[in-house]
Amino acid sequence: MGLIGSAIGAAGSIFGGISASKAMKKIQRNVEAQRQKNQNWYDRRYNEDYTQRADAQRILTQTEESIKNRNKQAAGIQAVMGGTDESLAAAKEANSKALADATSQIAAHADERKDNIEATYMQNDNAFVEQLNQLEKGKAEAIAGAVQGVTSAASKMPF
Numbered sequence: 001m002g003l004i005g006s007a008i009g010a011a012g013s014i015f016g017g018i019s020a021s022k023a024m025k026k027i028q029r030n031v032e033a034q035r036q037k038n039q040n041w042y043d044r045r046y047n048e049d050y051t052q053r054a055d056a057q058r059i060l061t062q063t064e065e066s067i068k069n070r071n072k073q074a075a076g077i078q079a080v081m082g083g084t085d086e087s088l089a090a091a092k093e094a095n096s097k098a099l100a101d102a103t104s105q106i107a108a109h110a111d112e113r114k115d116n117i118e119a120t121y122m123q124n125d126n127a128f129v130e131q132l133n134q135l136e137k138g139k140a141e142a143i144a145g146a147v148q149g150v151t152s153a154a155s156k157m158p159f
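The UniProt record's numbering puts the first residue of the sequence shown at 1, with every later residue one more than the last.
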């Protein structure tokens, strides 16, 4: 009877180790899939053209519209009041500077956004790597437990 019990114990340990290993492999595939989704998100978002976003386009359109109106107003004032070509050129230059400033602010926001995307990606990736490390540790513990169970069962076998 002791031999049968020991054999069942050894088989149970082996089966338990195999089951744990299968479960951990499934979890590992899930974590790796999430990690790939994180990578895809990062690649898509980090490489987006920020100037094509709706908010950036709205700012550029509003700035350009404002510049057109101010240029028309400056030309009208010159025609009516007899301003100089230099004053009209100065007004147009100031308006061009306003557009350059708006574009520069958009570029600064784009850089800040990229930094935030990168930080989020790194935080998520580090969490996935930690999960994978814990799975590897769990696999090693499951193997050690199975070996220990087989060894314990074998030691109880009457010879």
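Just so it is clear, CB atoms sit at the ideal spot from N, CA and C, and this is done for glycine as well.
In the structure shown, the three-state DSSP call for residue 49 is coil. In the structure shown, residue 84 adopts coil according to DSSP, grouped into three states.
Counting the other CB atoms within 10 Å of its CB gives residue 143 a total below 16, which places it among the exposed residues. Here the alpha carbon of residue 98 sits roughly 11 Å from the alpha carbon of residue 105. With fewer than 16 other Cβ atoms from the protein chains shown falling within 10 Å of its own Cβ, residue 126 counts as exposed. Beyond the five residues adjoining it in sequence on each side, residue 56 comes within less than 7 Å, by CB distance, of 50 and 106 in the same chain, given in chain order. Note that the C-beta distance between residue 38 and residue 121 is below 8 Å. By the beta-carbon neighbour count (other beta carbons within 10 angstroms, threshold 16), residue 133 is exposed. Here the alpha carbon of residue 76 sits roughly 20 Å from the alpha carbon of residue 63. Close CB contacts of residue 42 within its chain, under the 6 Å cut and outside five residues either way in sequence, are with 121 (chain order). Between the C-alpha atoms of residue 65 and residue 73 there is a straight-line separation of about 12 Å. By the beta-carbon neighbour count (other beta carbons within 10 angstroms, threshold 16), residue 91 is buried.
Straight-line measurement puts the Cα of residue 124 at about 14 Å from the Cα of residue 30. About 11 Å separates the Cβ atoms of residue 28 and residue 128, ruling out a contact at the 8 Å cut-off.
Going by C-alpha positions, residue 58 is about 31 Å away from residue 85.
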